[in-house]
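Take a look at the structure:
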């Protein structure tokens, strides 16, 4: 079951940088492994740049000492010392460039692979997964979460290592150069670290809440745009606006609270850091005054103190970012590691043998419950057969289980009791991709891609020639209206096919199915939403499509199933009646006859 948003937040707030949670990043690190050579080079230059930076305070202090008459090694004048410092900055620029270049090279390619795998998982996951997750939530995974991981691996993680290295090396250097002054300075460390962790935890809590609220707001935007026609027809623009504003107002409220924590955190760092520096300067000045230390060494020590303090301050934000990355990696890997229904690897595709089915279908004692509605049994011991090339109609009230039978035949769901056979073999034994290549579905509501008519038709057979596409359009009774457009086949249909009428979309879907040339055809109330003129045009295409194919027709208008070979009448998940149109229509007490009379009464009222 999908987690409620409040539950998800509760679990995310408990994430810490412990061994268990850090192992969750291993799944992301595997995407770095193909580029580990560049990654190692990047880490090498990271270490070099850190060491180079740490040499700066040392030589800066020597520069001051030289100006006071002291000499150090080969540095005997301020000009030599200045040139040495310039050389350090030059090396730092080179090391930083190489570190950033190689790290970005690794990161860009690794995140590209991650996005590709995540999208492949979206395509491979079963329908039961999509029953439990909203579209906005999933698109947030491939956009927001992957972007967060990219930022973490390109900047935060590298900077975290740098700050840790600077902190450890800096502490070692100051203890080695000035033990007594170091002990005085290090006395402030526990307090700074403790408070930094407290602030970091609070900021992390608000960051995760804000991230989830933003994901919810994106879901509202996406669903509103997808259903904009319904929003406008019901004049619910203000309702949707108020709902969206409610979420973003909540985001603003939490963001302001986080701003307070951020501001307090920065203020604390400034006060704590510079307060500590003032204390160190006071104690160091007393050591210089007593002759136990020279001014240049005190200056170096103060610079190291600044470096160490900055590292402590930076660790808090990087700590939070890495914690957020753990949450993002967990959500992304949860999808990638989910049970896939289709193997989309190139090796599998090339090794799979083509499957050509005749279309003999048998349902035997089939019972089914949707994973999201476990308390309701949708189908109850359903059994029937369809011979190859025959036409079967499924009729009944809404919710009787008609569409469910089609979905199970398509193997959208595979957890059912009983059996479904095709050509004498269980459909679960076939390779899923090859099996579905033998089936075409023409739904009631056709959702086209926003590209051209040509691309939408060729979706039934990618790589089809222009001649094949035109022939399919002609057989679907669609070529005449396509040619009436100035751009013909290249006409863009708009998002979800909004630029075409319902009948035109249906005929595009029929042309696509004809091009696919399946042995089994499913028509899910393909004409129920059309007017009589459009239905007549679409029906011509359907008649052409159904020739010599095993066809299952899910029908609302009973007049459309007069010519089928058999009709199954379903009620509450069971087959109540079966027979031809003539046989069922003369049963006075039958359910089919009842439905037929109701439709006749409705048509007379109209």
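Residue numbers (this note's numbering): 1 to 606.
Backbone N, C-alpha and C define an ideal beta-carbon position, used for all residues, glycine too.
Answer yes or no: do residue i and residue j have a C-beta to C-beta separation smaller than 7 Å?
i: residue 304; j: residue 170; result: yes
i: residue 460; j: residue 510; result: no
i: residue 148; j: residue 259; result: no
i: residue 687; j: residue 472; result: Because the chain spans 1 through 606 in this model, residue 687 falls outside it and cannot be assessed.
i: residue 365; j: residue 401; result: no
i: residue 585; j: residue 596; result: yes
i: residue 450; j: residue 494; result: yes
i: residue 216; j: residue 247; result: yes
i: residue 496; j: residue 478; result: no
i: residue 336; j: residue 117; result: yes
i: residue 453; j: residue 410; result: no
i: residue 448; j: residue 505; result: yes
i: residue 141; j: residue 111; result: no
i: residue 61; j: residue 297; result: yes
i: residue 49; j: residue 106; result: no
i: residue 388; j: residue 358; result: yes
i: residue 363; j: residue 383; result: yes
i: residue 422; j: residue 522; result: no
i: residue 355; j: residue 163; result: no
Does DSSP put residue i in a helix, a strand or coil?
i: residue 340; result: coil
i: residue 90; result: helix
i: residue 1; result: Confidence at residue 1 is low in this model, with a pLDDT of 37, below 50, so the placement of that residue should be treated as unreliable; the coordinate-derived value is given next. Residue 1 falls in the coil class under three-state DSSP.
i: residue 237; result: helix
i: residue 357; result: coil
i: residue 421; result: strand
i: residue 434; result: helix
i: residue 497; result: coil
i: residue 225; result: helix
i: residue 587; result: coil
i: residue 598; result: helix
i: residue 525; result: coil
i: residue 213; result: helix
i: residue 159; result: helix
i: residue 580; result: coil
i: residue 219; result: helix
i: residue 543; result: helix
i: residue 272; result: helix
i: residue 325; result: helix
i: residue 551; result: strand
i: residue 106; result: helix
i: residue 178; result: coil
i: residue 391; result: strand
i: residue 403; result: helix
i: residue 441; result: strand
i: residue 515; result: helix
i: residue 592; result: helix
i: residue 85; result: helix
Spell out whether any CB of chain B is found under 7 Å from the CB atom of residue i.
i: residue 183; result: The structure shown contains no chain B; it is built from a single protein chain.
Just the Cα atoms here: how many angstroms apart are residue i and residue j?
i: residue 598; j: residue 405; result: 24 Å
i: residue 36; j: residue 30; result: 10 Å
i: residue 161; j: residue 172; result: 17 Å
i: residue 229; j: residue 446; result: 15 Å
i: residue 152; j: residue 32; result: 13 Å
i: residue 43; j: residue 52; result: 14 Å
i: residue 544; j: residue 524; result: 17 Å
i: residue 407; j: residue 468; result: 29 Å
i: residue 235; j: residue 499; result: 22 Å
i: residue 104; j: residue 155; result: 9 Å
i: residue 89; j: residue 295; result: 23 Å
i: residue 222; j: residue 232; result: 15 Å
i: residue 226; j: residue 276; result: 57 Å
i: residue 594; j: residue 338; result: 46 Å
i: residue 438; j: residue 46; result: 56 Å
i: residue 480; j: residue 557; result: 27 Å
i: residue 219; j: residue 135; result: 7 Å
i: residue 318; j: residue 280; result: 27 Å
i: residue 492; j: residue 484; result: 14 Å
Tell me residue i's beta-bridge partners as DSSP assigns them.
i: residue 412; result: Residue 412 is not bridged to any residue.
i: residue 362; result: 385 and 421
i: residue 368; result: 379
i: residue 396; result: 570
Sorry if obvious, but does the Cβ on residue i come closer than 6 Å to a heavy atom of the ligand ZN?
i: residue 524; result: Inclusion of the ligand ZN in the displayed structure is not the case, the ligand content being empty and no account of it being possible.
(request) Could you tell me whether the region 573 to 587 touches the region 368 to 386, where touching means 3 or more Cβ pairs closer than 8 Å? (result) yes
(message) If contact is defined by three or more beta carbon pairs under 8 Å, each pair taking one atom from either stretch, is the region 144 to 159 in contact with the region 321 to 335?
(response) yes
(message) Under 8 Å, with one C-beta from each stretch per pair, do the region 260 to 270 and the region 296 to 303 reach the 3-pair mark?
(response) no
(request) Indicate whether the contact test is met: 3 or more Cβ pairs, each with one atom in the region 562 to 570 and one in the region 383 to 395, closer than 8 Å. (result) yes
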